[in-house]
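J.: Please find one structure pasted underneath; my questions will follow.
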Amino acid sequence: ANPSLLILPGDGIGPEVMEEVKRVIAWFGDKRSLAFDVSEDLVGGAAYDAHGTPLHDDTMARALQADAVLLGAVGGPKYDDLDFSVKPERGLLRLRKEMDLFSNLRPAQCFDALADFSSLKKDLVAGLDIMIVRELTSGVYFGEPRGIFEEGNERVGINTQRYTESEIDRVARSAFELARRRSNKVCSMEKANVMESGILWREVVQKVHDEDYPDVELSHMYADNGAMQLVRAPKQFDVILTDNLFGDILSDCAAMLTGSLGMLPSASLGAPAANGRPKALYEPVHGSAPDITGQAKANPIACILSFAMALRYSFDQGDEAARLEAAIETVLANGARTADLMGEEGGTPISTTEMGDEILKAL
Ligand code: NAI
Ligand code: MG
98 ANPSLLILPG DGIGPEVMEE VKRVIAWFGD KRSLAFDVSE DLVGGAAYDA
148 HGTPLHDDTM ARALQADAVL LGAVGGPKYD DLDFSVKPER GLLRLRKEMD
198 LFSNLRPAQC FDALADFSSL KKDLVAGLDI MIVRELTSGV YFGEPRGIFE
248 EGNERVGINT QRYTESEIDR VARSAFELAR RRSNKVCSME KANVMESGIL
298 WREVVQKVHD EDYPDVELSH MYADNGAMQL VRAPKQFDVI LTDNLFGDIL
348 SDCAAMLTGS LGMLPSASLG APAANGRPKA LYEPVHGSAP DITGQAKANP
398 IACILSFAMA LRYSFDQGDE AARLEAAIET VLANGARTAD LMGEEGGTPI
448 STTEMGDEIL KAL
C-alpha cells in the first residue's frame, strides 16, 4: 500500500498554500513514482463551521492512523470571540497532544538568493542551515501547580518548570538521531546555572549521548548565551536541542535570521509506530494571515518545504526532499518573488499559483 498522508488545509491562506502543495504531491506521484494515499479533512474554524468543534473525533482518529499529517493554518478574526474550548487553535493543540508530538523541528535555513533579506549581514547567514529541536509537550507551559492564587493581600501567578528524565531522554534521542543525518553536532541549551530542571536536563542529555550516541559531537550552552550566539555567529550551530520555553523563543529568533515567515516549515514528531515511522505533523510556522487571505498573495513555500520535511522524516526520501528544496532555490535564484519576499528594491510580485507554477517548472 502507498504511504498515507492526511491533509488538513484549515483556515485563511491555509487552503490557498495547500493547493500548491497538492500539485507538488501529484508531481511526485506522476514523475517520481512516489504515490501517496492522500485524504483531506477539516481543522480549526473550518471544522467549527461544519461540526461545531475545531477537530472532529473522526478527524482525530484519521490523524492517528495516517503516516503523516500536513496542516495549513488555523484561526482568523471570524473565530476570535468563540469560547476558549472551541477556538480554532484548540484543534491544533488536540492533534499535538493526542499524537504525543514531543519533538518540534524548526529549521532555519538561508536560501542564498534571499541572504540579502535577512535581518543580519549577508555573510553571517549565507549558507546557514541549522535545526532547532524544541521539546513540545512538557515544561513550564504544562507543569503543575499553575494558576493565579491569593497570597496574603495580593495575588501570585504561578507556573512550574517540570521535566522528567524520560521526557528529556526521548527528545534528546530525537536530536541525536537527527544530527547523525546532518553534520553530527548537537548543542543543548538550558540554564543549568540557575534552574534545577536545567541541571537534570544537562545530566540526562549527557548520559544519553555517552551511552548511545558517543559519535555525535555534543556541547552544552546556557540558553541566554545561546540567544546571543545565534545572532552573533549562527553558523557555529547544526542541531540545537532545547526545552519548550527556551525553544519557543530561540526558534522565533532563529527564524528571523532567514527572512520571511512565508519561508519557514516545521515538523512535530512523536514516538515511532510499529512500521518505524514516527507520528508526525508537518506545518508552516505562519498562521492563517487574514490580512492577505483571498488575494492570491500568500507565499506557498513554507508549506511546500513542510512537505519536503515529510518526505525526509516520515518517508525516508531525503533525495527527493533535496530535489524539491533545490527546485525552490532555483526559482528564488531566478528572481521569482511573492509579495512577502520583495525588499526595498521593489519589482512585481507573483501570485501564490504562479509561485507554484515556477516550482513545478523547476522540478
Ligand atoms: P500570521 O502568521 O498569520 O501573519 C503574520 C504576518 O505575516 C501577516 O502580515 C501575514 O500576511 C504574513 N504572512 C504569514 N504567512 C505568510 C505567507 N505564507 N505568505 C505571505 N505572508 C505571510 O500571524 P498572525 O497575523 O499573528 O495571526 C493570524 C491568525 O493566524 C490568528 O488567528 C492566529 O491565531 C493564527 N495563527 C495560527 C497558527 C497556526 O495555525 N499554526 C500560527 C500563528 C497564528
Ligand atoms: Mg513562538
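When you read off a place in the sequence shown, starting at 1, and then add 97, the result is the number in the numbering used here. Heads up, the beta-carbon is just placed ideally off N, CA and C, and yes, glycines get one too. None of the values given here were measured: they were computed from a predicted structure.
#1: Under three-state DSSP, which class holds residue 249?
#2: Less than 7 Å between the C-beta atoms of residue 229 and residue 191, yes or no?
#3: When you measure from the CB of residue 358 to every non-hydrogen atom of the ligand NAI, does any distance come out below 6 Å?
#4: Is the beta carbon of residue 385 within less than 6 Å of some heavy atom of the ligand NAI?
#5: Please tell me whether residue 361 and residue 377 are closer than 7 Å, where the distance is taken between their beta carbons.
#6: Hey, how far is the Cα of residue 175 from the Cα of residue 181?
#7: To the nearest angstrom, how far is the alpha carbon of residue 162 from that of residue 407?
#8: The beta strand (DSSP E) that contains residue 177, what's its start and end?
#9: Where are the beta strand (DSSP E) runs, 3 residues long or more, that stay fully inside the stretch 315-373, in chain order?
#10: Between the beta-carbon of residue 111 and the beta-carbon of residue 173, is there less than 7 Å?
#11: For the stretch 181-251, which segments carrying the alpha helix (DSSP H) assignment without a break, of at least 4 residues, lie completely within its bounds, in sequence order?
#12: Where do the N-terminal and C-terminal ends of the alpha helix (DSSP H) with residue 112 fall, by residue?
#13: How many angstroms separate the CA atom of residue 213 from the CA atom of residue 219?
#14: Using 8 Å as the cut-off, can you tell me whether the stretch 394-411 makes contact with the stretch 107-121, which would need three or more C-beta pairs spanning the two stretches below that distance?
#15: With a threshold of 6 Å, establish whether the CB of residue 149 neighbours any heavy atom of the ligand NAI.
#16: Would you report the Cα separation of residue 458 and residue 395, rounded to the nearest angstrom?
#17: Looking at the strands, I want to know which residues DSSP matches up with residue 375.
#18: Go to residue 294, then tell me how far its alpha helix (DSSP H) extends in each direction, as first and last residue.
#19: For the putative contact between residue 429 and residue 211, defined by C-beta atoms under 8 Å, what is the C-beta separation to the nearest angstrom?
#20: Can you list, in chain order, the residues of its chain whose CB lies under 8 Å from that of residue 298, leaving out five sequence neighbours each side?
#21: Find out if the Cβ-Cβ distance for the pair residue 356, residue 215 is shorter than 7 Å.
#22: From the beta carbon of residue 415, is the nearest beta carbon of chain D less than 7 Å away?
#23: Residues bridged to residue 436 by DSSP?
#24: What I want to know is whether the C-beta of residue 171 ends up closer than 6 Å to one or more non-hydrogen atoms of the ligand NAI.
#25: With a cut-off of 8 Å on the beta carbons, I'd call residue 165 and residue 411 a contact; round off their distance for me.
#26: Does residue 261 come out as helix, strand or coil in the three-state DSSP assignment?
#27: So does residue 396 have its beta carbon nearer than 6 Å to some heavy atom of the ligand NAI?
#28: The beta strand (DSSP E) with residue 283 in it runs from where to where?
#29: Starting from residue 107, follow its DSSP beta bridges and name the residues at the other end.
#30: May I ask you to report which of helix, strand or coil DSSP gives residue 463?
#31: Please confirm if the stretch 135-148 is in contact with the stretch 98-107, defined as three or more CB-CB distances below 8 Å between the two stretches.
#32: Under three-state DSSP, which class holds residue 155?
#33: Just curious, the beta strand (DSSP E) that residue 135 is in, first and last residue?
#34: Which whole-angstrom value describes the C-beta separation of residue 183 and residue 156, a residue pair presumed to lie in contact below a C-beta threshold of 8 Å?
#35: Which residues in the same chain have their Cβ closer than 8 Å to the Cβ of residue 452, if we skip the five residues on either side of it in sequence?
T.: Reading off the structure:
#1: Within the sequence shown, the letter at position 152 stands for residue 249. Of the three classes helix, strand and coil, the one that applies to residue 249 here is coil, per DSSP.
#2: The residue labelled residue 229 in the question sits at position 132 within the sequence shown. The residue labelled residue 191 in the question sits at position 94 within the sequence shown. No, the Cβ-Cβ distance between residue 229 and residue 191 is not below 7 Å.
#3: What you label residue 358 is simply residue 261 of the sequence shown in a count that begins at 1. It does: the Cβ of residue 358 is within 6 Å (strictly closer) of some heavy atom of the ligand NAI.
#4: If you number the sequence shown from 1, residue 385 lands on position 288. Checking every heavy atom of the ligand NAI against the Cβ of residue 385, one is found closer than 6 Å.
#5: In the sequence shown, the residue the question calls residue 361 occupies position 264. In the sequence shown, the residue the question calls residue 377 occupies position 280. Taking 7 Å as the Cβ cut-off, residue 361 and residue 377 do not qualify as a contacting pair.
#6: Along the sequence shown, one-based indexing puts residue 175 at 78. Along the sequence shown, one-based indexing puts residue 181 at 84. Looking at the two C-alpha atoms, the distance is approximately 14 Å.
#7: The count along the sequence shown starts at 1 and reaches residue 162 at position 65. The count along the sequence shown starts at 1 and reaches residue 407 at position 310. Each residue's alpha carbon lies about 16 Å from the other.
#8: Reading the sequence shown from its first residue, position 80 is the one you call residue 177. Careful: residue 177 lies outside any beta strand (DSSP E) and carries neither H nor E.
#9: 336-339, 362-369
#10: If you number the sequence shown from 1, residue 111 lands on position 14. If you number the sequence shown from 1, residue 173 lands on position 76. Cβ distance not < 7 Å, so residue 111 and residue 173 don't count as in contact.
#11: 185-195, 219-222
#12: Residue 112 sits at position 15 when you count from the first residue of the sequence shown. Run containing residue 112: 111-128, per the alpha helix (DSSP H) assignment.
#13: Sequence index remark: in the sequence shown, residue 213 carries index 116 (1-based). Sequence index remark: in the sequence shown, residue 219 carries index 122 (1-based). Rounded to the nearest angstrom, the two C-alpha atoms are 6 Å apart.
#14: yes
#15: Along the sequence shown, one-based indexing puts residue 149 at 52. Not so, every heavy atom of the ligand NAI lies at least 6 Å from the Cβ.
#16: For the purposes of this step, residue 458 is taken as residue 361 along the sequence shown, with counting starting at 1. For the purposes of this step, residue 395 is taken as residue 298 along the sequence shown, with counting starting at 1. Those two C-alpha atoms are separated by around 19 Å.
#17: Along the sequence shown, one-based indexing puts residue 375 at 278. Paired residues: 369.
#18: Walking along the sequence shown from the start, residue 294 turns up at place 197. Counting along the chain, the alpha helix (DSSP H) containing residue 294 begins and ends at 293-309.
#19: The sequence position of residue 429 within the sequence shown is 332, counting from 1. The sequence position of residue 211 within the sequence shown is 114, counting from 1. Residue 429 to residue 211, Cβ: 6 Å. Contact.
#20: Sequence index remark: in the sequence shown, residue 298 carries index 201 (1-based). Around residue 298: 260, 265, 285, 287, 289, 340.
#21: As a first step, residue 356 is located in the sequence shown; it is residue number 259 there, counting from the start. As a first step, residue 215 is located in the sequence shown; it is residue number 118 there, counting from the start. Going by C-beta atoms, residue 356 is nearer than 7 Å to residue 215.
#22: This model lacks chain D altogether, as it is built from one protein chain only.
#23: Locating residue 436 in the sequence shown gives position 339, counting from the first residue. Residue 436 pairs with nothing; no bridge assigned.
#24: In the sequence shown, the residue the question calls residue 171 occupies position 74. True, at least one ligand heavy atom lies under 6 Å from that Cβ.
#25: Here residue 165 refers to the residue found at position 68 of the sequence shown. Here residue 411 refers to the residue found at position 314 of the sequence shown. 4 Å between Cβ atoms; contact.
#26: On the sequence shown, position 164 is the one that residue 261 refers to. Note: residue 261 maps to coil in three-state DSSP.
#27: Taking the sequence shown and counting its residues from 1, the one referred to as residue 396 is at position 299. Correct: residue 396 has its Cβ closer than 6 Å to the ligand NAI.
#28: Translated into the one-based positions of the sequence shown, residue 283 becomes position 186. Looking at the DSSP string, the run of the beta strand (DSSP E) that includes residue 283 is 282-287.
#29: Position 10 of the sequence shown, counted from the start, is the residue given in the question as residue 107. Looking at the DSSP assignment, residue 107 forms a beta bridge with 170.
#30: Lying before the first or after the last residue shown, residue 463 is absent from the chain, which here runs from 98 to 460.
#31: yes
#32: The sequence position of residue 155 within the sequence shown is 58, counting from 1. Residue state, collapsed to three classes: helix.
#33: In the sequence shown, residue 135 corresponds to position 38, counting from 1. Residue 135 -> beta strand (DSSP E) spans 134-137.
#34: For the purposes of this step, residue 183 is identified with residue 86 of the sequence shown, where counting begins at 1. For the purposes of this step, residue 156 is identified with residue 59 of the sequence shown, where counting begins at 1. No, residue 183 and residue 156 are not in contact; Cβ-Cβ is about 14 Å, not under 8 Å.
#35: To locate residue 452, count along the sequence shown from 1; it is residue 355. Contacts found: 117, 396, 397, 398, 428, 433, 435.
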